[in-house]
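Using the numbering used here, you'd call the opening residue of the sequence shown number 50 and step up by one each time. For glycine and all other residues, C-beta sits at the position ideal for the given N, C-alpha and C. Notes follow the structure.
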Amino acid sequence: VIVAASMSAYVAGIAVLFVQLGGTPGKSLRFDPRMVGQIWANKPLRHACYGYFGHMWELYAMWGWIGLFLYGSFSDRLIENPGVWSALSTFAIVGVGAFGSLAGGYFADRIGRTTVTIAAMVVSGACALVVGTFGGAPFAILLAVCIIWGISVVADSAQFSSCVIELADPHQVGTALTLQNAIGFLIALVSIHLVPVVADHFGWWGAFAMLSIGPVLGTIAMVRLRLMPEAIRLAGGKR
Numbered sequence: 050v051i052v053a054a055s056m057s058a059y060v061a062g063i064a065v066l067f068v069q070l071g072g073t074p075g076k077s078l079r080f081d082p083r084m085v086g087q088i089w090a091n092k093p094l095r096h097a098c099y100g101y102f103g104h105m106w107e108l109y110a111m112w113g114w115i116g117l118f119l120y121g122s123f124s125d126r127l128i129e130n131p132g133v134w135s136a137l138s139t140f141a142i143v144g145v146g147a148f149g150s151l152a153g154g155y156f157a158d159r160i161g162r163t164t165v166t167i168a169a170m171v172v173s174g175a176c177a178l179v180v181g182t183f184g185g186a187p188f189a190i191l192l193a194v195c196i197i198w199g200i201s202v203v204a205d206s207a208q209f210s211s212c213v214i215e216l217a218d219p220h221q222v223g224t225a226l227t228l229q230n231a232i233g234f235l236i237a238l239v240s241i242h243l244v245p246v247v248a249d250h251f252g253w254w255g256a257f258a259m260l261s262i263g264p265v266l267g268t269i270a271m272v273r274l275r276l277m278p279e280a281i282r283l284a285g286g287k288r
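Here it is as structure tokens:
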């Protein structure tokens, strides 16, 4: 993995020498603290950020703890080498997210960003709500639910950034993306640390069900965004 990642970075470093910026690059601007307030006053943009925050509440906590959940499940079944099987399963669950991201981008450009983000969060939220009850289910069923979760939990990720780019004023895009990501990762940090606390008191069902709060609130935000006139700026008018 380290070799593959290093080689990819090496190839990317060479490739960047042969590409140019598309369109007309804007001039660099100095950061103006007042811009944060202006960005937050943009209601459609704010709702796109709300959707991202809900997404981030779920994503990294799921990635961070699904392996331990599977390890416990496999150990309870007396499966030989539960550590190996949980590691391989976690790799598959996180890895299939790449296909979710590709599919999310493909369909978002064709049927709309809010459509894709809403659909992805409904599916991932449902998985978060029930996966904790599948700890004792047959291996194939448990893994299938986790795979669906792994695909849907990240399928909408890039679309929130795209929404910000399309909804923000051109001179505010960089600051808006920075603000969105900074708050989003701070939220992820909170949920990551909450999972083991909730799991100790309510088990894995309670811990993962807690993560479903993010997609629920994120879905509400994106539905509201979809109903706003400014949503016509998303995905070439497909909302």
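Contact between Val145 and Ile200 is confirmed by a C-beta separation of about 5 Å, below the 8 Å threshold.
Contact holds between the segment 275 to 285 and the segment 151 to 167, because three or more Cβ pairs, one in each stretch, are under 8 Å apart. C-alpha of Tyr59 to C-alpha of Tyr155: approximately 27 Å in a straight line.
Relative to Met271, the option among Asn230, Gly252, Ile167 whose CA is nearest is Ile167. Taking 8 Å as the cut-off, the Cβ atoms of Gly184 and Ser261 do not count as close.
With respect to Leu274, His104 sits apart: the two C-beta atoms are not nearer than 8 Å. Counting the other Cβ atoms within 10 Å of the Cβ of Pro82 gives fewer than 16, which makes it exposed. Fully enclosed alpha helix (DSSP H) runs of no fewer than 4 residues occupy 206 to 216 of the segment 190 to 259, in order along the chain. By the 16-neighbour rule on beta-carbons within 10 angstroms, Asp205 is buried. Exclusion of the five residues before and after Val247 leaves Gly255, Ala256, Met259 as the residues of its chain whose Cβ lies within less than 7 Å of its Cβ.
Minimum Cα-Cα distance from Trp112 among the listed residues Gly86, Phe188, Ile63, Cys195 corresponds to Cys195. Between the alpha carbons of Phe209 and Gly153 lies a distance of about 11 Å. Nearest in C-alpha terms to Ala225, of all of Gln69, Asn91, Ala61, Leu192, is Asn91. For Leu119, the enclosing alpha helix (DSSP H) covers residues 92 to 125. Leu276 carries a coil assignment under DSSP once its states are collapsed to helix, strand and coil.
For the alpha helix (DSSP H) assignment, the uninterrupted runs of no fewer than 4 residues enclosed by the segment 154 to 182 are, from N- to C-terminal side, 162 to 179.
Rounded to the nearest whole angstrom, the C-alpha separation of Ile142 and Ile63 is 31 Å.
For Val165, the CB contacts under 8 Å within the same chain, skipping 5 residues up- and downstream, are Gly153, Phe156, Ala157, Ala204, Asp205, Gln208 in chain order. Cβ-Cβ distances below 6 Å link Gly263 to Gly103, Trp106, Glu107 in the same chain, with the five nearest sequence neighbours on each side left out; the list follows chain order. Between Ala110 and Val244, the beta carbon gap of about 5 Å places them in contact (Cβ cut-off 8 Å). CA-CA distance, His220 to Tyr120, rounds to 48 Å. For Gly185, there is no enclosing alpha helix (DSSP H), as DSSP marks it with neither H nor E. Between the C-alpha atoms of Gly116 and Met84 there is a straight-line separation of about 41 Å.
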